[in-house]
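Convert by adding 2 to the 1-based position in the sequence shown; the result is the number in this note's numbering.
In this text, a Cβ means the ideal position worked out from N, Cα and C, and glycines have one as well.
Keep in mind the model is a prediction, meaning the values are calculated, not measured.
Since the structure comes first, as structure tokens, the remarks are kept for the end.
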Amino acid sequence: LVIFSLMISSLEERRREIHVLSSVGLSPFHVAFLFMAESVVYSVVGGLLGYLASIPLVISCASLGLELQLNYASTAVVLSTAMIMIAILAVTLYPVYIASKLITPSYERKWRAPPPKGDKWEIQLPFTATQDEEVDGILSYIYEMIMEHKMEDSKVFRTSLPVKFIEQKTDKMVVRGFEFKAMLAPYDLGIVQIAHILDIKDLVSNRHTFLVKMERMAGSRGSWRTHGREFIDVVRKQILLWRSLEPSKRVEYQKRLSKIISELIT
């Protein structure tokens, strides 16, 4: 009960920390693992300290004339210590479950990309932003990732130039992003797709969301579905890493976008 109360109080104190961890890309499973690791430390350290503390206690009892014959290597000692550790881990399951629910309040413990529809695939990424300046930096950061994959031996995918900048406006939204042809690894399978990585701004709420659109051009559909998920994962992790950058680095990326746009349009 003491450990249970300790974990619940720790959970309440670290709610803000949990949301920060979520914003930089940790899944509910990762957060649950952090709390479980904490309980493992409590159980292992507590069990060992209790075992070691019993030795001088027995020695002190002997000095007082209380003869206690103990076998420190007996199976009963090991089993009792193990049972205490298991009990500590068991009472942390509920706090661990609540911690994971703070990130995704549903039964889905891990983000999964939806399946494609025919040769087209649209994926809403688990990331939002509210500041236009921040999104400028994110787009520059994405463009850097796209250009880093121009090499012949690039992992996951290879960018085929040219890369196009897209900007579309309607009464309700503004869409900006990049369009390019990507070849997916392993390259001997001949998988080619047209990829769009888009920022969509809702003009009503001023909220930015990010969308990846893919269209298969060559290669088998089964291979495209398998290796397309790796492409999606690279883009998703690139965006999630954005908020782990230092503020000064983010400002640098924000200033680059206008130059990038002028280079791609001309």
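Leucine 213 sits away from glutamate 154, with the two beta carbons spaced by 8 Å or more. In chain order, Gly139 place their CB closer than 8 Å to the CB of valine 253, counting only its own chain and leaving out the 5 sequence neighbours on each side.
Under DSSP, threonine 130 forms a beta bridge with Thr211. Where histidine 229 is concerned, the enclosing alpha helix (DSSP H) starts and stops at 223-243. In the DSSP assignment, histidine 32 is bridged to no other residue.
The residue from Asp190, Asn208, Ser264, Gly52 with its alpha-carbon nearest to that of alanine 131 is Asn208. Across the structure, lysine 239 and glutamate 136 are spaced so that their CA atoms are roughly 17 Å apart. A distance below 7 Å between beta-carbons, with the five flanking residues on each side excluded, links glycine 49 to the following residues of its chain, in chain order: Thr83, Ile86, Met87. Using a Cβ distance threshold of 8 Å, glycine 179 and leucine 163 do not count as a contacting pair. Counting the other Cβ atoms within 10 Å of the Cβ of valine 33 gives 16 or more, which makes it buried.
Each of Ala92, Leu66, Ser76 was checked against the Cα of phenylalanine 37, and the nearest Cα belongs to Ala92. Between the C-alpha atoms of glutamine 195 and methionine 216 there is a straight-line separation of about 6 Å. Within the region 156-192, the complete beta strand (DSSP E) segments at least 3 residues long are 159-171, 175-186, listed from N- to C-terminus. In summary, glycine 224 is exposed, with fewer than 16 beta-carbon neighbours lying within 10 Å of its beta-carbon over all protein chains present.
The shortest C-alpha to C-alpha distance from tyrosine 145 to any of Glu265, Ile20, Glu15 is the one to Glu265. Within the same chain, Cβ atoms closer than 6 Å to the Cβ of tryptophan 226 are found at Ile193, Arg218, the five residues on either side in sequence being excluded.
Under a 10 Å Cβ-count criterion, phenylalanine 31 is classified as exposed, with fewer than 16 other Cβ atoms of the shown protein chains found around its own Cβ.
Going by beta carbons, valine 165 and isoleucine 148 fall inside the 8 Å limit.
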